[in-house]
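J.: Take a look at this one; I'll ask things after.
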Amino acid sequence: MDIDPKFADLINAEIDGWIAPEEHVELETYLAENDAASAYRNELTGLCEDLDSLETVSPPPHLKHVILDAVTTSNPARQETRQRTSSDLFSDFFGTAPVRYAMSFAAGVILA
Amino acid sequence: MTKPDDTDLINRCMQGDRNAFEGLLVKYEKPVFNAAFRMLNNSEDAKDVTQTVFLRAYENLDHFDPHFRFFSWIYRIALNETINCLNKRNRTEELAREPIAETEGPDDAANSDQRSKRIQTALMTIKTEYRTVIVLKHFLDCNYIEISEILEIPEKKVKSRLYSGRQMLKIALQDSQLD
Chain A
10 MDIDPKFADL INAEIDGWIA PEEHVELETY LAENDAASAY RNELTGLCED LDSLETVSPP
70 PHLKHVILDA VTTSNPARQE TRQRTSSDLF SDFFGTAPVR YAMSFAAGVI LA
Chain B
1201 MTKPDDTDLI NRCMQGDRNA FEGLLVKYEK PVFNAAFRML NNSEDAKDVT QTVFLRAYEN
1261 LDHFDPHFRF FSWIYRIALN ETINCLNKRN RTEELAREPI AETEGPDDAA NSDQRSKRIQ
1321 TALMTIKTEY RTVIVLKHFL DCNYIEISEI LEIPEKKVKS RLYSGRQMLK IALQDSQLD
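Chains as they are written, first to last, in our numbering: chain A, 10 to 121; chain B, 1201 to 1379.
Below, the structure written as structure tokens:
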């Protein structure tokens, strides 16, 4: 006996927990009168339980480090695009040699 | 202390914070690798795909639209990369026949391993577009709406592919038992 496609969809939706209460009642009524559809629901439920229970395949432990090394070498520009802070600007200006000498000279004059 | 969310990690990552990228990697490496393995049935290829996915994600973080969820974006990259990998290989017959490894230990563990391999082999016999939806639903725990967002297809199409994919998988498993 063929299963009405509408109810085959409802069986799938029920398995996924995406069925409205009134659809659930409609499905149960249909299944009560249709052994083939009941068997189909059992098979499909079993298949989905099997799929959901399969173990997650883990990546090799070293992969994380390989990826981190790869991104660091692939795009070093991003390492330099961090937001510049006020202390960066301060050191950029006052950190240059001529400015440092001028500041030392000025300090010497003031102290003298 | 609460874990930083994806948005926070992405923002920090874009400012060059390597630890923030590591945070994203720790969170998504396993699901991305698992999805790649389920799509490709080959650990080496899954490893290469995972590496490419994170490299692409890192290089294109500037293009990430924060209105979407990060996992949708990275899973989309992952699935596109697996499809590229499948297209490059073009040796589907071999994929379905990865040798079954000898297992040691209790019967339950061996049976579970055999069952897992049988399902994986059957999964490789169904078309990529159906396999993709099954992987997202059953291995990455995505719901219809999330799958629709990741694949950029209507929810109705997600359901149709998922239901058809399950039916194909059921038939493939029945056929494998007859062999």
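C-beta: ideal position from N, C-alpha, C; glycine also.
What separation, rounded to the nearest whole angstrom, lies between the Cα atoms of B:V1253 and A:P14?
T.: 38 Å
J.: Answer yes or no: does any C-beta atom of chain A fall closer than 9 Å to that of B:F1270?
T.: Not an interface residue.
J.: By the DSSP assignment, the alpha helix (DSSP H) with A:I20 in it spans what residues?
T.: P14 to I24
J.: Whose C-alpha, out of B:E1259, B:F1268, B:K1247 and B:G1223, is nearest the C-alpha of A:P70?
T.: B:K1247
J.: Only counting the same chain, and skipping five residues up and downstream in sequence, which positions put a Cβ closer than 7 Å to that of A:E23?
T.: H33 and L36
J.: I'd like the list of long-range same chain contacts for B:E1348, defined as Cβ closer than 7 Å, with 5 residues on each side in sequence excluded.
T.: In the sequence on display, residue 1348 of chain B carries Ser and not Glu. Taken in chain order, the residues that qualify are P1354, E1355 and V1358.
J.: Shorter than 9 Å from the beta carbon of B:A1246 to some beta carbon of chain E?
T.: Absent from the structure: chain E. Protein chains present are A and B.
J.: Between A:T65 and the rest of its own chain, which residues show a CB-CB distance below 7 Å, the 5 nearest in sequence each way excluded?
T.: none
J.: Can the beta-carbon of B:I1319 be found less than 9 Å from the beta-carbon of B:L1362?
T.: Not in contact: B:I1319 and B:L1362 (Cβ atoms no closer than 9 Å).
J.: Contact between the stretch 1234-1242 of chain B and the stretch 1272-1280 of chain B is defined here as three or more beta-carbon pairs at a separation below 8 Å; is this criterion met?
T.: With three or more CB-CB distances shorter than 8 Å, the stretch 1234-1242 of chain B counts as touching the stretch 1272-1280 of chain B.
J.: Just mark B:N1172 as buried or exposed, buried being the case when its beta carbon has 16 or more other beta carbons within 10 Å.
T.: There is simply no residue 1172 of chain B to check, as chain B begins at 1201 and stops at 1379 in what is shown.
J.: For B:H1267, count the other beta carbons within 10 Å of its own beta carbon; 16 or more makes it buried, fewer makes it exposed. Which is it?
T.: exposed
J.: When the Cβ atoms of the stretch 1207-1225 of chain B are set against those of the stretch 1258-1272 of chain B, are three or more pairs found closer than 8 Å?
T.: yes
J.: Along the chain, where does the alpha helix (DSSP H) containing B:I1326 start, and where does it finish?
T.: Premise fails: B:I1326 is in no alpha helix (DSSP H) and is neither H nor E.
J.: In three-state terms, what does DSSP make of A:E42?
T.: Secondary structure of A:E42 (DSSP, three-state): coil.
J.: By DSSP, does B:C1285 sit in helix, in strand, or in coil?
T.: helix
J.: To the nearest whole angstrom, what separates the beta carbons of A:P68 and B:E1229, a pair I think is in contact under 8 Å?
T.: Between B:E1229 and A:P68 the Cβ distance is about 6 Å, and since that is below 8 Å, they are a contact.
J.: Just checking: is the beta-carbon of A:N43 within a distance shorter than 9 Å of some beta-carbon in chain B?
T.: So no, A:N43 is outside the interface.
J.: Give me the subset of the stretch 1321-1347 of chain B whose CB atoms are less than 9 Å from a CB atom of chain A, sorted by chain position.
T.: Listed by position, the residues of the stretch 1321-1347 of chain B near chain A (Cβ gap below 9 Å) are L1323, I1334, K1337, H1338, F1339, D1341, N1343 and Y1344.
J.: Taking the alpha-carbon positions, what's the B:Q1377 to B:L1209 distance?
T.: 47 Å
J.: If you run the structure through DSSP and keep just helix, strand and coil, what is A:H33?
T.: helix
J.: Just to confirm, is the Cβ distance from A:L60 to B:I1334 under 9 Å?
T.: If you check the CB distance, A:L60 and B:I1334 come in under 9 Å.
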